[in-house]
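Sequential numbering of the sequence shown, starting at 2, is according to the numbering used here.
Ideal Cβ placement from N, Cα and C applies to all residues, glycine included.
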Amino acid sequence: MTSNWFKESCLDIDSDFQQTISHVLLQKGLVQSKCQTTAMRFIIEVIVFWTLVQGIGACANVKIVSRSAWGAAAPKSVSNLRLPVSLVFIHHTETPACQTLVSCKTRVQSIQRDHMVSKGWNDIGYSFLVAGDGTIYEGRGWNRVGAHTEGYNQRGIAFSFIGSYSGSKPPTAALTAVKKMIQCGISLKKVASRYRLYGHRDVNPTSCPGNALYREIKTWPHYSRTKP
Numbered sequence: 002m003t004s005n006w007f008k009e010s011c012l013d014i015d016s017d018f019q020q021t022i023s024h025v026l027l028q029k030g031l032v033q034s035k036c037q038t039t040a041m042r043f044i045i046e047v048i049v050f051w052t053l054v055q056g057i058g059a060c061a062n063v064k065i066v067s068r069s070a071w072g073a074a075a076p077k078s079v080s081n082l083r084l085p086v087s088l089v090f091i092h093h094t095e096t097p098a099c100q101t102l103v104s105c106k107t108r109v110q111s112i113q114r115d116h117m118v119s120k121g122w123n124d125i126g127y128s129f130l131v132a133g134d135g136t137i138y139e140g141r142g143w144n145r146v147g148a149h150t151e152g153y154n155q156r157g158i159a160f161s162f163i164g165s166y167s168g169s170k171p172p173t174a175a176l177t178a179v180k181k182m183i184q185c186g187i188s189l190k191k192v193a194s195r196y197r198l199y200g201h202r203d204v205n206p207t208s209c210p211g212n213a214l215y216r217e218i219k220t221w222p223h224y225s226r227t228k229p
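Shown next, in the form of structure tokens:
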């Protein structure tokens with residue numbers, strides 16, 4: 002019975018994913034026939050599935066508003082990051098803070114207009130923006146080169162807390178959301194597990210991300226006192 006099942010299943014290489022795996026295994030000389038790829042294909046599919054499950058699990062408790070959901074304008078052009086990135090930068094927007102979906106959508110749209118029209122950038126500069134209630138708004142996202150930290154845009158991503166945080170730090174919900182989002186990025190292989198965290202002021206002449214927020218991130222485990 003096992004032999005018959007194996008022979009039948011060996012003929013069932015019908016999906017693009019299965020065909021790709023079979024081709025690679027044959028080309029590398031790891032197997033001698035398509036029939037012998039069955040067990041290896043199964044193992045690889047399980048590994049891929051488990052990786053996706055882990056990524057979904059790490060990101061499950063993060064509320065993310067996509068570009069389309071907040072009404073983003075299309076970027077003028079895009080460039081892809083080389084992933085995973087090893088640097089994470091923290092900013093603040095130095096605008097009024099926001100707490101609700103309606104007010105934050107308007108705020109993020111305003112920031113994008115400022116970056117694209119006033120500054121002439123290709124898109125909103127940040128990778129992600131963080132509202133006071135802990136909601137994450139997708140900027141350029143995980144995969145695109147941003148315009149947030151001069152000299153380091155090709156090597157890192159940036160989280161910008163919506164508001165001005167010189168006198169007081171962001172709400173706990175916002176701080177927790179960024180920590181969870183970074184872990185989400187690690188699970189998705191977008192951020193290196195040994196990433197280094199910096200405030201904007203650590204690498205550029207600026208007061209960003211504000212004194213209070215800067216003091217806070219200096220207590221985070223991956224904060225680095227050594228310039229990248």
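query, result
"If you count every other CB in all the chains shown that lies within 10 Å of the CB of E151, and 16 or more means buried, which is it?", "exposed"
"Assuming the contact rule is C-beta atoms closer than 8 Å, V86 and V192 should be a hit. Round their C-beta distance to whole Å, please.", "6 Å"
"CB-CB under 8 Å to S208, same chain, minus the five flanking residues each way: which ones, in chain order?", "S167 and R202"
"Is E139 helix, strand or coil by DSSP?", "strand"
"Rounded to whole angstroms, what is the Cα-Cα separation between P76 and F90?", "22 Å"
"Three or more C-beta pairs under 8 Å: does that hold for the region 160 to 179 against the region 121 to 138?", "yes"
"Any contact between the region 171 to 183 and the region 118 to 125? By contact I mean 3 or more CB pairs, one from each, below 8 Å.", "no"
"For N205, list the residues DSSP reports as bridge partners.", "Note: N205 sits in no beta bridge, so no partner."
"I'd like to check one pair, N154 with N81: are the Cβ atoms closer than 8 Å?", "no"
"Which same chain residues, not among the five before or five after G211, have their C-beta less than 7 Å away from its C-beta?", "H93, S165, Y166 and S167"
"Quick check on I247: does DSSP put it in helix, strand or coil?", "Any question about residue 247 goes unanswered here, given that the chain covers just 2 to 229."
"With DSSP as the reference, identify every bridge partner of Y199, one or two as the case may be.", "F90"
"Determine whether the beta carbon atoms of L297 and P206 lie at a separation below 8 Å.", "With the chain represented from 2 up to 229, any question about residue 297 goes unanswered, as that position is not in the structure."
"Looking only at its own chain, which residues have a Cβ that is under 8 Å from the Cβ of T136, when we skip the five neighbours before and after it?", "K64, I65, V66, L102, C105 and A178"
"K170 and E95 look like a contact to me (Cβ under 8 Å); what is the Cβ gap, rounded to whole Å?", "With 8 Å as the limit, K170 and E95 do not qualify as a contact, their Cβ atoms being about 15 Å apart."
"Just to confirm before moving on: does the CB-CB distance between E139 and R68 stay below 8 Å?", "yes"
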